[in-house]
Each structure stands twice: as C-alpha cells, then as structure tokens.
Amino acid sequence: GAWGTLAAALFDWGTGADFFNGWSGWSCVGAPDCASGAWGEAFVANILEIITIASWTAFFSILIFLPLRLAGLLRADDETQSKGMDVAKHSPSKAYAMTSNTVEVS
C-alpha cells in the first residue's frame with residue numbers, strides 16, 4: 012500500500028537520482044529534454060496520493076461504522092460478552108463432548 016507508493020518514487024533510478032522515469036520505464040518522462048528536479052515533484056505527488064487514499068478510506072469508514080456504532084450493532088450484548096463469543100455463538104453444546112458410548116459386540 013503506502014510503502015509501495017513511496018518505494019515507486021524512492022527507487023526510481025533510471026536516468027539519475029534527480030530525474031523521474033515514471034510510466035516511461037527507464038527513459039525519463041519528457042525525454043529527450045528531460046527536466047532536472049522532476050523526482051521531487053513526483054515524490055510529493057506520491058505522498059499526496061497516500062494522504063488522499065487514507066482520507067478517502069477514513070471518510071467512508073466513518074460513514075459506515077459510526078451509524079452502526081450509534082445503533083449499537085457493533086457490540087455483542089452483555090450476556091454474550093460475559094460467556095464469551097465462542098461459547099455463546101460458535102460451538103454447539105455437544106460438538107466436542109467426549110463420552111465413551113461403546114457398544115460391545117458379541
């Protein structure tokens with residue numbers, strides 16, 4: 012996610028440390044008159060991309076989870092919490108009951 016976006020700018024070494032290759036592979040963007048200083052602009056653009064994606068994700072998460080929290084739908088009731096979710100919801104009462112009901116064959 013965020014590391015991949017930063018790494019794309021940090022390790023873009025095609026033409027030199029001060030140039031940015033971007034979509035063009037190992038040839039500088041805007042070649043043959045490749046501008047010096049494009050790497051800094053690309054790095055800032057990648058940081059803004061990370062901030063934008065994080066903001067978008069936070070906004071829509073709040074939009075979904077805040078009403079659910081206010082409605083009390085994100086929490087188990089007190090009785091279920093005191094028993095534990097495994098006991099209350101996830102295991103039948105006899106699922107792991109080990110009894111020796113053996114029948115003798117004669």
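Position in the sequence shown (from 1) plus 11 gives the number in our numbering.
Where is the CB? At the ideal position from N, CA and C, for every residue including glycine.
Original post:
Roughly how many whole angstroms lie between the Cα atoms of Ala87 and Met96?
Top reply: Cα to Cα, Ala87 sits roughly 8 angstroms from Met96.
Subject >> Pair within 8 angstroms by beta-carbon distance, Ala20 and Phe70 >> reply: Going by C-beta atoms, Ala20 is not nearer than 8 angstroms to Phe70.
Original post:
Would you call the CB atoms of Leu17 and Asn57 closer than 8 angstroms?
Top reply: The Cβ atoms of Leu17 and Asn57 sit closer than 8 angstroms to each other.
**OP:** Could you check the C-alpha separation between Gln92 and Thr68 for me, to the nearest Å?
**Re:** Taken atom to atom, the span from the alpha-carbon of Gln92 to that of Thr68 is near 30 angstroms.
Original post:
What separation, rounded to the nearest whole angstrom, lies between the Cα atoms of Gly15 and Ser72?
Top reply: Here the alpha carbons of Ser72 and Gly15 stand approximately 22 angstroms from one another.
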